[in-house]
Each structure stands twice: as structure tokens, then as C-alpha cells.
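Structure record follows, encoded as C-alpha cells.
In the numbering used here, the protein residues as written are 290 to 578.
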């Protein structure tokens with residue numbers, strides 16, 4: 290199973306990437322700082338590294354340079370992710386021999402597609418190394434036990450009944466995509482997007498997918514400022530916001546402490562029905578994130 294190291298100081302970004310990769314049977318390692326990343330790289334020897342450019346203790350360029358100069362891992366692909374991708378970022382990424390650069394926020398499917406473009410070569414190389422065959426165990430000859438002569442003095446011992454324990458059932462986490470699609474398929478809804486509080490797009494469904502990442506970044510800014518008003522007035526955490534525009538309505542709903550759901554409607558008349566379905570989906574969405 291290939292291993293991917295995800296380096297980002299944002300927990301929500303690491304969770305989004307981890308969920309997407311584990312669904313494809315890819316082992317995921319994570320690090321929240323450059324120092325932790327270098328320790329994992331040396332200890333775990335990942336097949337690929339995804340690293341944020343801006344980190345609290347060192348930047349992604351330094352981590353990429355460390356990987357590329359490592360005597361045993363110099364050919365390991367490194368994908369850098371950055372909120373700004375311009376000529377300066379691309380020049381610095383090329384200088385440290387980064388294999389790819391992605392703009393944040395990004396869709397999990399897009400990152401997965403790029404990762405899979407590098408992983409097949411690594412997976413084939415790992416699979417081509419033959420595993421050592423285990424040594425054949427010598428046959429063990431058990432001595433034949435003497436059959437006791439039955440007597441009428443002592444009854445045969447009855448073995449205790451086996452203890453039957455119920456199987457442990459681990460309930461799988463809900464799949465986000467069908468939950469979002471269930472709302473996006475409602476009449477009058479054009480986009481349903483799950484966004485973390487930093488503006489990173491976690492998943493989306495609907496006909497406005499190209500605008501989902503931009504909408505997510507803007508919605509995160511709006512929710513952060515509106516949440517601050519609630520705290521200042523001692524009203525607790527923000528639960529939902531309804532924005533009315535000339536062309537329709539945008540519903541923003543909190544999904545636990547770390548994410549929010551944005552629903553775009555072109556028909557305000559279906560707002561009540563949409564809110565009902567959102568409330569039904571919220572418990573599963575909270576569990577999923």
C-alpha cells in the first residue's frame with residue numbers, strides 16, 4: 290500500500306486529504322509542522338509528500354529541498370500547495386525541484402487526481418521487489434496419547450461451553466458526497482458545498498462547481514466576521530446565515546466547529562424545504578467531518 294505524507298498546519302486540510310486518500314486505499318501520514326514532517330520523512334520513507342508552502346517553523350520549499358537532497362528519497366515526488374501561485378512561487382518551487390504546485394483552496398478530487406498521477410510509478414516499483422519467502426516449518430510429530438480404559442467409577446469430564454461474544458460492529462463514517470447531492474438535487478438548488486472555516490473546499494455538488502472554491506473562500510470570510518458579532522453580543526456560536534440577492538438566496542449553515550455548508554438557491558420559494566433537508570443531513574455531516 291503506497292504511503293503519502295500530508296504536511297499542513299491546518300487540521301481541516303489534513304483531514305480532507307486523509308479522507309480522500311484513504312477512500313482509495315492509500316496510507317496517509319500527517320504532520321502539522323516542518324520539523325514533524327522531516328522526522329516522518331526520515332522514519333517512514335513516504336512514497337509521496339504533499340506540503341503547504343507556508344508553515345509555522347519552516348516553509349514548504351525547505352521541506353521539498355530536504356526530500357530531494359535525501360540520499361534514499363531523492364526521487365520521491367513532492368507536491369507543494371499554496372494560496373498564491375505566481376511566477377515567484379513557481380520559480381522557487383522549480384529551484385527545489387518540486388514535482389507540482391497546486392493552488393489553495395482546492396477540491397479533494399483534484400488533488401487526488403494529481404497524486405494518482407505520481408503514485409502508480411512508485412507503487413509498481415515497490416511491488417516489483419520480491420518478498421522473501423518464509424522458511425518452511427519442520428513437521429511436528431505429536432506423540433500418540435494412550436486411550437484410557439473407561440471405568441464406571443468416574444464419569445467423563447464435560448468440557449466447558451465456549452463463551453460466545455457478540456461481534457464488534459464498527460459503524461463506517463458517512464460519505465459526504467451523497468449527503469451533499471441529496472440537497473443539491475432538490476429543485477431550485479444550484480450548488481451545495483462543504484467548506485472548512487479557513488475557506489478550503491472539502492466537497493461540492495451541483496451545477497455551479499467551477500465557482501465552488503471562490504464561493505467557499507468568500508463565505509469563510511463572511512462567517513468569521515458574523516461569528517465575531519455573535520461572540521461580542523454573547524449569543525454563542527453562529528448556526529446559520531441567509532443571504533438574499535437579486536438572483537437568489539445563499540444559505541450558510543454551521544457543520545460542527547470546523548466546517549460550514551453553503552447552499553445556493555435560484556428560487557427563494559424553496560428555502561423552507563431546503564432548510565428542512567439540511568437539518569436532516571447535519572448529524573451525518575458533523576460525523577463525517
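The beta-carbon is built from N, C-alpha and C at its ideal position, and this holds for glycine as well.
{"Check": "Inter-stretch contact at 8 Å, needing at least 3 Cβ pairs: the region 533-552 / the region 470-488", "Outcome": "yes"}
{"Check": "Distance between beta carbons of residue 335 and residue 292, contact taken as under 8 Å", "Outcome": "5 Å"}
{"Check": "Nearest neighbour of residue 559, chosen from 479, 341, 494 [CA to CA]", "Outcome": "479"}
{"Check": "Distance between residue 405 and residue 397 (C-alpha atoms, nearest Å)", "Outcome": "12 Å"}
{"Check": "Distance CB(residue 475)-CB(residue 563) smaller than 8 Å", "Outcome": "yes"}
{"Check": "CB contact flag (residue 554, residue 574, <8 Å)", "Outcome": "no"}
{"Check": "Endpoints, alpha helix (DSSP H) assigned at residue 583", "Outcome": "Given that the chain is displayed from residue 290 to residue 578, the structure contains no residue 583 and the question cannot be resolved."}
{"Check": "Distance between residue 465 and residue 492 (C-alpha atoms, nearest Å)", "Outcome": "7 Å"}
{"Check": "Member of 344, 340, 375, 524 whose CA lies at the smallest distance from the CA of residue 388", "Outcome": "340"}
{"Check": "Sequence ranges, beta strand (DSSP E) only - wholly within the region 329-381, length at least 3", "Outcome": "337-341, 367-371"}
{"Check": "Beta-bridge partners of residue 319, as assigned by DSSP", "Outcome": "295"}
{"Check": "Between the CA atoms of residue 394 and residue 258 - distance to the nearest angstrom", "Outcome": "Past the edges of the chain, shown from 290 to 578, lies residue 258, and the structure says nothing about it."}
{"Check": "Reference residue 408; option with closest CA among 496, 294, 381", "Outcome": "294"}
{"Check": "Which listed residue (330, 329, 522, 321) has its alpha carbon closest to that of residue 342", "Outcome": "321"}
{"Check": "Classification of residue 373 by the beta-carbon crowding that lies within 10 angstroms, buried from 16 upward", "Outcome": "exposed"}
{"Check": "Nonlocal neighbours in the same chain, by C-beta distance under 6 Å from residue 324, ignoring five residues either side", "Outcome": "346"}
{"Check": "Cβ-based burial, residue 377 [other Cβ within 10 Å; buried from 16]", "Outcome": "exposed"}
{"Check": "Cutoff 6 Å; reference residue 319; Cβ partners in own chain excluding five residues on either side", "Outcome": "295, 303"}
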